[in-house]
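J.: Sharing a structure below in structure tokens format, with a few things to ask.
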Amino acid sequence: AVMGSKYLKAIAAYGTKSLPISDPKSFRKDVQNWVKGLQKSPTTGEYLPRYGTAFWMNIVNRYHILPTFNAQQVKHEEAENISGEYLTEHHLTRNSGCVSCPIRCERRVMRDSGEIKGPEYETLGLLGANLGITSIDWINEWNYRCDLLGIDTMSLGFTLSLAMEMTQRGIKNFGIDFARPEAISLAIEKIAYREAPFDELGEGSARLAQKYGAEGIAIQVKGLEMAAYDPRLAQAQGLGYATANRGGCHLGGGYPVYFEALGPIEVNGRTVRGKAALTVLMQNLMDAISTSGYCLFTALGSLPPALFKFGEKSVIPGLLGNIILSIPSTHLLWKLMPGLLPINLGGLLPHPLVIRDVTGVKMTMGQFLQMGERVFNMERLFNMREGFDRQQDCLPTRLIAEPSEPDQPAAVVQIDKMLDTYYRIREWNRDGIPTEKKLKQLGIGS
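This is how it looks when you write it as structure tokens:
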């Protein structure tokens, strides 16, 4: 707020000395092997470079977890028109990416004024199907405008769709409806400059819903709007949303939807069995990777390429999924951390190896995961200080009481069947508070 009041966009700082590396020879070798592994993986070596994150669009739609019309539905008949395949064929000028990245998942598309950054999957989903829009031309423009205006497209998507549904239901007429792109364009500009009638949408969906009594249909957790994965047929992702420390974040939630829908292993998204342990494991892995400064997509290249070669009739992906969901085995894995993994997993998860090469600090895979667990617990303590507890580890009524499949009552997030187990695995008490024993084990506090 202080920087904004002074019209200060950013502060840039740079040094003049190089950063020392503990073992340059091993660093070069391990990074080269890592890059080769990423390039061999179908996810990071083929799908993301070719289609970007938007390649998940058709998969998510097929699994019926694509939020549509503010998550009143979970698929869109014209989702193909906003897919990665369609974007690549009709709009892509080239792919790009972060400096030195071998994945290069960024899309570049054309606009009248020249080449611009193309939309990610989340933007296509939440400004697309979620708003009843299936024109990439409109979404490209909104993505560009939001970047210039400093608006997050994911929060914008679910805030706009909430306003649309409130208008639809007669709760509050914002003069904006689904599938009306011209009105959406106007709303984006008005929100950015806090102008009527969309001024209050700038506060986000949580405050908007609270003001008008529409909390049950605001797709957010702890004040943060969710990602473009409806969790009613992806139970672990639902638990991840509910317990993520920064709110409805798919990555802070551990991104278990990769196993439940997106990846080569068939983990049954409908069952709650084993989902608490899976969510804990993935949340800690994501926090370990983020804390180390790695791109989270590097984890997606960790599965052996052979897993992607099984056909639809193969029983292997389902068998592996059942093993992952085995509560005894997954829970045991977690209880024995960090001693269970005194080795590194080489090309699969080379993150600890590179940490050793750069810093000289030897780290096993188990210690790497425990580092993520430590971060997750510290974040939890921060939230507790600000008044958060078990009551905030929840989801909006729509997701826990309105089945995404009308004839299937169980097609809701069964959070009550998973939360106690989740706390127990994390060694928190029933109120979601980390125990002194756990904090001491992690070296947190006195």
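When we follow the numbering used here, the leftmost residue of the sequence shown carries the number -12, and every step to the right adds one. Beta carbons are placed, not taken as given, at the ideal position from N, Cα and C, and that holds for glycine.
Please look up how many angstroms separate the CB atoms of residue 352 and residue 336, rounded, as I've assumed it's under 8 Å.
T.: Here residue 352 is taken as the residue at index 365 of the sequence shown, counted from 1. Here residue 336 is taken as the residue at index 349 of the sequence shown, counted from 1. Yes, they are in contact, since the Cβ atoms of residue 352 and residue 336 sit about 6 Å apart, within 8 Å.
J.: Looking at the secondary structure, which residues open and close the beta strand (DSSP E) in which residue 93 lies?
T.: Walking along the sequence shown from the start, residue 93 turns up at place 106. 93 to 98 is the extent of the beta strand (DSSP E) around residue 93.
J.: Would you be able to state if there are at least three C-beta pairs under 8 Å between the region 83 to 100 and the region 48 to 66?
T.: Touching, no.
J.: What are the partner residues of residue 415, as DSSP defines its beta bridges?
T.: In the sequence shown, the residue the question calls residue 415 occupies position 428. DSSP output for residue 415 lists 421 as bridge partner(s).
J.: Where residue 1 and residue 7 are concerned, what is the direct C-alpha to C-alpha distance, given to the nearest angstrom?
T.: Here residue 1 corresponds to residue number 14 of the sequence shown, with the count starting at 1. Here residue 7 corresponds to residue number 20 of the sequence shown, with the count starting at 1. In a straight line, the C-alpha of residue 1 is about 16 Å away from that of residue 7.
J.: How about residue 118 and residue 165: do their beta carbons lie closer than 8 Å?
T.: What you label residue 118 is simply residue 131 of the sequence shown in a count that begins at 1. What you label residue 165 is simply residue 178 of the sequence shown in a count that begins at 1. Cβ atoms of residue 118 and residue 165: closer than 8 Å.
J.: What's the gap between the Cα of residue 267 and the Cα of residue 420?
T.: Indexing the sequence shown from 1 puts residue 267 at position 280. Indexing the sequence shown from 1 puts residue 420 at position 433. Each residue's alpha carbon lies about 15 Å from the other.
J.: If we count Cβ pairs, one from each stretch, closer than 8 Å, do we get three or more for the region 231 to 245 versus the region 393 to 412?
T.: Output reads no: the region 393 to 412 does not touch the region 231 to 245.
J.: Go ahead and label residue 229 buried or exposed: buried means 16 or more other beta carbons lie within 10 angstroms of its beta carbon, across all protein chains shown.
T.: Taking the first residue of the sequence shown as position 1, residue 229 is located at position 242. Buried, because 16 or more other Cβ atoms sit within 10 Å of the Cβ of residue 229.
J.: Less than 8 Å between the CB atoms is what I'm expecting for residue 363 and residue 338, so what's the real figure, rounded?
T.: To locate residue 363, count along the sequence shown from 1; it is residue 376. To locate residue 338, count along the sequence shown from 1; it is residue 351. 16 Å between Cβ atoms; not a contact.
J.: By DSSP, does residue 27 sit in helix, in strand, or in coil?
T.: On the sequence shown, position 40 is the one that residue 27 refers to. Three-state DSSP puts residue 27 in a helix.
J.: From this set, 136, 418, 135, 106, which residue's C-alpha is nearest residue 125's C-alpha?
T.: Position 138 of the sequence shown holds residue 125. For residue 125, the nearest C-alpha among the options comes from 106.
J.: When DSSP labels each residue in this structure, what does residue 86 get in the three-state scheme?
T.: Taking the first residue of the sequence shown as 1, we reach residue 86 at position 99. Looking at residue 86 - three-state DSSP - the assignment turns out to be coil, as it is neither helix nor strand.
J.: Less than 8 Å separating the beta-carbons of residue 44 and residue 69?
T.: Position 57 of the sequence shown holds residue 44. Position 82 of the sequence shown holds residue 69. Closer than 8 Å, so yes.
J.: If residue 201 sits next to residue 265, beta carbons under 8 Å apart, how far is it from one beta carbon to the other, in whole angstroms?
T.: In the sequence shown, the residue the question calls residue 201 occupies position 214. In the sequence shown, the residue the question calls residue 265 occupies position 278. About 32 Å separates the two Cβ atoms, so there is no contact after all.
J.: Tell me whether the region 86 to 94 and the region 35 to 44 touch, counting them as touching only if at least three CB pairs, one residue from each stretch, are closer than 8 Å.
T.: Short answer: they touch.
J.: Write down every uninterrupted run of the alpha helix (DSSP H) in the region 93 to 150 whose length is 4 residues or greater and which is fully enclosed by it, in chain order.
T.: The region 93 to 150 contains these whole alpha helix (DSSP H) runs: 108 to 113, 123 to 136.
J.: When burial is assigned at 16 or more other CB atoms within 10 Å of the CB, is residue 348 buried or exposed?
T.: Position 361 of the sequence shown, counted from the first residue, corresponds to residue 348. Classification of residue 348: exposed, given that the 10 Å Cβ count is below 16.
J.: Going by Cα to Cα distance, which pick from 259, 429, 390, 376 is closest to residue 313?
T.: Within the sequence shown, the letter at position 326 stands for residue 313. For residue 313, the nearest C-alpha among the options comes from 259.
J.: Using only CA atoms, which one of 358, 207, 112, 289 lies nearest to residue 384?
T.: Along the sequence shown, read from residue 1 onward, the residue named residue 384 stands at position 397. Comparing Cα-Cα distances from residue 384 to each of 358, 207, 112, 289, the minimum goes to 207.
J.: What residue does the alpha helix (DSSP H) around residue -9 start on, and which one ends it?
T.: What you label residue -9 is simply residue 4 of the sequence shown in a count that begins at 1. Counting along the chain, the alpha helix (DSSP H) containing residue -9 begins and ends at -11 to -8.
J.: Name the one or two DSSP bridge partners that residue 212 has.
T.: Start at 1 with the first residue of the sequence shown, and residue 212 comes out as number 225. Its beta-bridge partners are 207.
J.: Taking the alpha carbon of residue 199 as the reference point, which residue from 218, 293, 153 has its own alpha carbon closest?
T.: Your numbering for residue 199 matches position 212 in the sequence shown. Nearest option by C-alpha distance: 153.
J.: Taking 8 Å as the cut-off, does the region 212 to 223 touch the region 169 to 180 (at least 3 CB pairs, one atom from each stretch)?
T.: Verdict: no, contact absent.
J.: Rounding to the nearest angstrom, what Cα-Cα distance links residue 298 and residue 120 in this structure?
T.: On the sequence shown, residue 298 is found 311 positions in, with the first residue counted as 1. On the sequence shown, residue 120 is found 133 positions in, with the first residue counted as 1. Approximately 33 Å, taken between the alpha carbons.
J.: Can you give me the C-alpha to C-alpha distance between residue -1 and residue 275, rounded to a whole angstrom?
T.: Within the sequence shown, residue -1 is the residue found at index 12, counting from 1. Within the sequence shown, residue 275 is the residue found at index 288, counting from 1. Taking the straight line from one Cα to the other gives about 26 Å.
J.: Closer than 7 Å: is that where the CB of residue 165 sits relative to any heavy atom of the ligand NAD?
T.: Of ligands this structure carries none, so the ligand NAD is not represented either.
J.: Taking C-alpha atoms, which residue in 63, 375, 40, 41 lies nearest to residue 49?
T.: Along the sequence shown, read from residue 1 onward, the residue named residue 49 stands at position 62. That would be 63, whose Cα lies nearest to the Cα of residue 49.
J.: Please name the residue, chosen from 401, -6, 72, 394, that lies closest to residue 108 on a Cα-to-Cα basis.
T.: On the sequence shown, residue 108 is found 121 positions in, with the first residue counted as 1. Minimum Cα distance to residue 108 is reached at 72.
J.: Looking only at C-alpha atoms, which of 47, -9, 401 sits nearest to residue 66?
T.: Residue numbering aside, residue 66 sits at position 79 when the sequence shown is read from its first letter. Answer by Cα proximity: 47.
J.: If we ignore side chains and look at the alpha-carbon of each, how far apart do residue 159 and residue 190 end up?
T.: Locating residue 159 in the sequence shown gives position 172, where the first residue counts as 1. Locating residue 190 in the sequence shown gives position 203, where the first residue counts as 1. Distance between the alpha carbons of residue 159 and residue 190 is about 16 Å.
J.: Am I right that residue 75 and residue 287 are in contact with their C-beta atoms under 8 Å? What's the rounded C-beta distance?
T.: As a first step, residue 75 is located in the sequence shown; it is residue number 88 there, counting from the start. As a first step, residue 287 is located in the sequence shown; it is residue number 300 there, counting from the start. Contact doesn't hold; Cβ gap of about 19 Å is too wide.
J.: Would you report the Cα separation of residue 150 and residue 122, rounded to the nearest angstrom?
T.: As a first step, residue 150 must be located in the sequence shown, where it is residue number 163. As a first step, residue 122 must be located in the sequence shown, where it is residue number 135. Answer to the nearest angstrom: the Cα atoms are 21 Å apart.
J.: Could you check where the alpha helix (DSSP H) with residue 335 kicks off and where it finishes?
T.: If you number the sequence shown from 1, residue 335 lands on position 348. Element bounds for residue 335: n/a, residue is neither H nor E.
J.: Exposed or buried, which one is residue 156 when buried takes at least 16 other CB atoms within 10 Å?
T.: For the purposes of this step, residue 156 is identified with residue 169 of the sequence shown, where counting begins at 1. Under this definition residue 156 is an exposed residue.
J.: How would you call residue 269, buried or exposed, if buried means at least 16 neighbouring beta carbons within 10 angstroms?
T.: Residue 269 sits at position 282 when you count from the first residue of the sequence shown. That one is buried.
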